[in-house]
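Below you'll find the structure, written out as structure tokens, and then a few comments.
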Amino acid sequence: MLDKLANIEKKYLDLRDQMMDPEIISDTKKSIQLSKELSSLQEIYDLYQEYKKAHQQKKEAQEMIDTEQDSEMLEMAKEQLKESETIINDLDQKIKVALLPKDPNDDKNIFLEIRPAAGGDEAGLFAAELLKMYLGYAMKKWWKAEIVEEQLSDIGGIKFVMVKVSWNSVYSIMKFESGVHRVQRIPATESQGRVHTSTVTVAIMPEAEDIDFKIDPKEVEMDTYAASSSGGQNANKNQTWVRLRHLPTGLIVNIWDSKSQLQNKDKAWSVLKARLYQIELDKKTAETKSLRGDQIGNGDRSEKIRTYNYPQDRITDHRIHQSWSNLPVFMTWEIDDMINALVLENQTRLLQESMK
16 MLDKLANIEK KYLDLRDQMM DPEIISDTKK SIQLSKELSS LQEIYDLYQE YKKAHQQKKE
76 AQEMIDTEQD SEMLEMAKEQ LKESETIIND LDQKIKVALL PKDPNDDKNI FLEIRPAAGG
136 DEAGLFAAEL LKMYLGYAMK KWWKAEIVEE QLSDIGGIKF VMVKVSWNSV YSIMKFESGV
196 HRVQRIPATE SQGRVHTSTV TVAIMPEAED IDFKIDPKEV EMDTYAASSS GGQNANKNQT
256 WVRLRHLPTG LIVNIWDSKS QLQNKDKAWS VLKARLYQIE LDKKTAETKS LRGDQIGNGD
316 RSEKIRTYNY PQDRITDHRI HQSWSNLPVF MTWEIDDMIN ALVLENQTRL LQESMK
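If you read the sequence shown in the working numbering, its first letter stands for residue 16, the second for the next number, and so on.
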């Protein structure tokens with residue numbers, strides 16, 4: 016482990032020196048790439064500096080114990096030795112976690128997709144509540160969230176929504192939200208007070224960059240339309256509505272929220288690329304399923320991951336078999352405890368796997 020840490024330290028310092036090179040500073044693309052790489056090493060570098068400092072303090076304390084005659088100084092040295100060993104043990108665990116193989120998509124922005132599944136109008140209404148919860152959580156984290164595609168129902172529910180969420184390492188935090196979210200409650204439309212069960216699917220897709228995934232433009236058909244008002248009449252004579260259709264897969268993306276056709280086109284390509292990239296990731300996941308067996312879930316939108324039980328004021332994550340109360344507060348963006356529990360459980364399983 017020490018050799019690996021020393022190599023990471025050397026790489027970090029090399030990258031830091033490169034970032035000061037005038038040629039790199041003038042090359043925006045290269046500068047951003049190096050900055051991301053440097054940022055990805057920052058945590059391990061900082062932990063290693065603390066680790067070395069703690070070992071040095073332990074060494075000095077031990078030398079004092081071996082040579083000191085004064086009883087008071089000897090007692091101080093023993094306390095320093097004990098404190099240093101505690102710090103080293105704590106850092107050792109943190110470093111092991113930091114050195115775990117990282118998901119290459121962890122640093123990426125995401126596309127959050129929400130669709131009602133079983134339950135009709137009630138599923139659409141709960142989908143709208145999940146959207147509100149995630150948008151509030153993004154605001155709390157100071158992330159940038161932008162709805163890029165949305166279809167609403169007549170009663171205020173959601174038929175489909177796609178949101179782009181941007182900031183540092185959003186995927187690493189949100190990736191465990193993919194799957195089926197089940198809600199059990201009495202719908203507002205239920206006159207006899209019966210509890211209904213509905214489901215909503217959530218997909219978290221990393222934003223694909225050109226170096227991750229490329230699309231052959233010849234395999235994509237693009238159509239443009241004039242945006243329409245709610246009355247059915249053209250609100251914009253310009254062809255701002257963009258529709259992309261990927262011929263090999265049949266995937267279709269419709270974007271119309273911006274007044275600029277160019278902006279809508281860029282958004283549509285970004286969404287299409289993310290969806291196709293996710294398909295490739297799903298294939299790789301299926302091929303290496305045995306290697307991922309100790310991770311929490313597989314991101315499959317058909318996997319039931321969570322139940323929101325309103326009559327019992329309980330929310331349960333089925334992957335880690337943990338429940339929380341105070342559902343109304345949870346739905347007002349306070350989901351950090353659950354997300355942290357999922358991340359910790361996943362790290363624990365990966366550590367156990369790495370020790371086999």
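Every residue gets a Cβ at the ideal spot worked out from N, C-alpha and C, and that includes glycine.
Here Met177 is buried: its Cβ has 16 or more other Cβ atoms, across all protein chains shown, within 10 Å. With 16 or more other Cβ atoms inside 10 Å of its own Cβ, Gly134 counts as buried.
Its chain contains Lys123, Asn124, Ala289 as the residues whose beta carbon lies nearer than 6 Å to that of Glu222, once the 5 sequence neighbours on both sides are disregarded; these appear in chain order. Annotation: Lys319 to Asn361 spans about 17 Å, alpha carbon to alpha carbon. In terms of Cα proximity to Thr264, the closest of His70, Val235, Leu49, Lys67 is Val235. Under the 8 Å Cβ criterion, the segment 100-110 does not count as touching the segment 153-165, having fewer than three qualifying pairs. Residue environment: Ser193 is assigned as buried (16 or more neighbouring CB atoms within 10 Å of its CB, all protein chains considered). Going by C-alpha positions, Glu83 is about 24 Å away from Lys67.
A Cβ-Cβ distance of about 6 Å is found for the pair Thr216 and Val195, placing them in contact under the 8 Å criterion.
Ile270 is bridged by DSSP to Val257. Annotated three-state conformation of Asn324 is strand, per DSSP.
For Met177, DSSP records a beta bridge to Glu128, Glu164. In the structure shown, Gly171 falls within a coil segment according to DSSP collapsed to helix, strand and coil.
Ranked by Cα distance from Trp182, the options Ser317, Lys229, Asp121 are led by Asp121. The alpha-carbon separation between Ile170 and Leu20 amounts to approximately 57 Å. The residues Arg290, in chain order, have a CB closer than 6 Å to that of Leu266 in the same chain once the five nearest residues on each side in sequence are set aside. Spatial neighbours of Glu205 in its own chain (CB-CB distance under 8 Å, excluding positions within 5 residues in sequence) are listed in chain order as His211.
About 31 Å separates the beta carbons of Glu164 and Ile335, which is beyond the 8 Å limit, so they are not a contact pair.
DSSP, read as helix, strand or coil, puts Val210 in coil.
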